[in-house]
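Numbering (my numbering), first residue to last: 1454 to 1585.
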């Protein structure tokens, strides 16, 4: 890696923010091991996914924010390539969003999560990924 690239990477890591392919990864400031990623869906909706260690397990939270109340979304949460949970949710509240939270086993090595949502009416798709 060139010196300039090393400096840029060091600055981004020190600042706790990296941008990868249009998606943002934020490191928590209180050293609790939390990883937060955000990004756009295939339409105007946004997604967020968070993962953090929690008493020997991993707490994962996926959020879809369409800014429209009353939309039905089917969703699935995969952990290391296997289905961990699935269901459907309706966006609500002033924010027009919904959240799915699960506690999963903490396997040895890196745990990879994919939270995928599909809008039942429009077919818009959100795919959020995080590793811990």
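The beta carbon of each residue, even a glycine, is placed where N, CA and C say it ideally should be. None of the values given here were measured: they were computed from a predicted structure.
Helix, strand or coil at residue 1579 [DSSP, three-state]
Here residue 1579 refers to the residue found at position 126 of the chain shown. Residue state for residue 1579 is assigned as strand, using DSSP reduced to three classes.
Would you mind giving the Cβ-Cβ distance between residue 1558 and residue 1551, rounded to the nearest angstrom? I have them listed as a contact below 8 Å.
Taking the chain shown and counting its residues from 1, one reaches residue 1558 at position 105. Taking the chain shown and counting its residues from 1, one reaches residue 1551 at position 98. With a beta-carbon spacing of about 24 Å, residue 1558 and residue 1551 fall beyond the 8 Å limit used to define contacts.
From this set, 1494, 1546 and 1486, which residue's C-alpha is nearest residue 1569's C-alpha?
Indexing the chain shown from 1 puts residue 1569 at position 116. Nearest of 1494, 1546 and 1486 to residue 1569, Cα basis: 1494.
Residues sharing a beta bridge with residue 1585, DSSP
Taking the chain shown and counting its residues from 1, one reaches residue 1585 at position 132. According to DSSP, which records beta bridges pairwise, residue 1585 is partnered with nothing at all.
What does DSSP give as the partner residues of residue 1507 in its beta bridges?
Translated into positions along the chain shown, residue 1507 becomes position 54. DSSP, once it has assigned bridges, lists 1510 as partnering residue 1507.
Helix, strand or coil: how does DSSP classify residue 1454 here?
Position 1 of the chain shown, counted from the start, is the residue given in the question as residue 1454. Only weak support is given to the placement of residue 1454: the predicted model assigns it a pLDDT of 44, under 50, and the question is left unresolved by the model.
Tell me the residue span of the beta strand (DSSP E) that contains residue 1571.
Numbered from 1 along the chain shown, position 118 holds the residue referred to as residue 1571. In the DSSP assignment, residue 1571 falls within the beta strand (DSSP E) that extends over 1565-1572.
Whole-angstrom Cβ separation of residue 1507 and residue 1556, contact assumed at under 8 Å?
Reading the chain shown from its first residue, position 54 is the one you call residue 1507. Reading the chain shown from its first residue, position 103 is the one you call residue 1556. Contact holds; Cβ gap of about 6 Å.
Under the rule that 16 or more other beta-carbon atoms within 10 Å means buried, what is residue 1498, buried or exposed?
The sequence position of residue 1498 within the chain shown is 45, counting from 1. The residue is buried, with at least 16 neighbouring Cβ atoms inside 10 Å.
Can you check DSSP and say which residues form a bridge with residue 1557?
The residue labelled residue 1557 in the question sits at position 104 within the chain shown. According to DSSP, residue 1557 bridges with 1511.
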